[in-house]
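J.:
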Ligand SMILES: [Zn+2]
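Numbering (my numbering), first residue to last: 3 to 151.
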């Protein structure tokens, strides 16, 4: 079964949180990252991505927009938990520099709290009825909360 991108990031956010590291990657940010790589692996740019990959391991650097990239199984296996110069031994220098430049260029972009806002609007509608005197009487007789205009 294919997991949703939201489930995917939630799993990684939990791991980072447990390790006491920054856990801020939003769905909007991750979708932007995927779009920036055209749905391909950030390392080889040849195969579609399979995984959310932490450039620096999650328990060291956390799960946030400046540390997460899409990777294919092959590149993920090749990378293991290498960082810094050891990465250049398995991928070439240009690839690592390209990814570093990309990650540092990203800025945080939190998700809109859409559901919360929608809820607030509904509550406001339910509570206030601004009306004329005749409507006010009718509302009152129906047991509704009304504000006289
Ligand atoms: Zn790859």
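Backbone N, C-alpha and C fix where the C-beta goes; we use that ideal spot for every residue, glycine too.
Could you please give the first and the last residue of the uninterrupted beta strand (DSSP E) stretch that includes residue 54?
T.: Unbroken beta strand (DSSP E) run through residue 54: 53-56.
J.: Ligand 1 heavy atoms versus the CB of residue 74: any closer than 7 Å?
T.: Indeed, a heavy atom of ligand 1 lies less than 7 Å from the Cβ.
J.: Return the CA-CA distance between residue 106 and residue 68, expressed in angstroms with no decimal places.
T.: Cα to Cα, residue 106 sits roughly 6 Å from residue 68.
J.: Give every residue of the same chain whose Cβ lies closer than 8 Å to the Cβ of residue 50, excluding the five residues on either side of it in the sequence, and list them in chain order.
T.: The answer, listed in chain order, is 41, 42, 43, 74.
J.: Excluding the five sequence neighbours on either side, which residues of its own chain have a C-beta within less than 7 Å of the C-beta of residue 19, listed in chain order?
T.: Once the five neighbours on either side are set aside, the close Cβ partners of residue 19 are 25.
J.: Pick from 58, 100, 30, 8: whose alpha carbon is nearest that of residue 85?
T.: With distances taken between Cα atoms, residue 85 lies closest to 58.
J.: In its own chain, which residues sit with a C-beta less than 6 Å from the C-beta of residue 113, not counting the 5 before and 5 after it?
T.: Once the five neighbours on either side are set aside, the close Cβ partners of residue 113 are 28, 29, 30.
J.: Can you grab the Cα-Cα spacing for the pair residue 135 / residue 110, in whole Å?
T.: Residue 135 and residue 110: Cα-Cα distance of roughly 51 Å.
J.: With a Cβ-Cβ cutoff of 8 Å, do residue 65 and residue 15 count as a contact?
T.: A contact, by the Cβ cut-off of 8 Å.
J.: Tell me, which residues are paired with residue 72 by DSSP?
T.: Bridge partners of residue 72: 54.
J.: For residue 42, which residues does DSSP report across the bridge?
T.: Looking at the DSSP assignment, residue 42 forms a beta bridge with 50.
J.: From residue 99 to residue 5, what distance separates their C-alpha atoms?
T.: Approximately 30 Å, taken between the alpha carbons.
J.: Is the Cβ-Cβ distance between residue 72 and residue 36 less than 8 Å?
T.: Yes, these two residues count as a Cβ contact at 8 Å.
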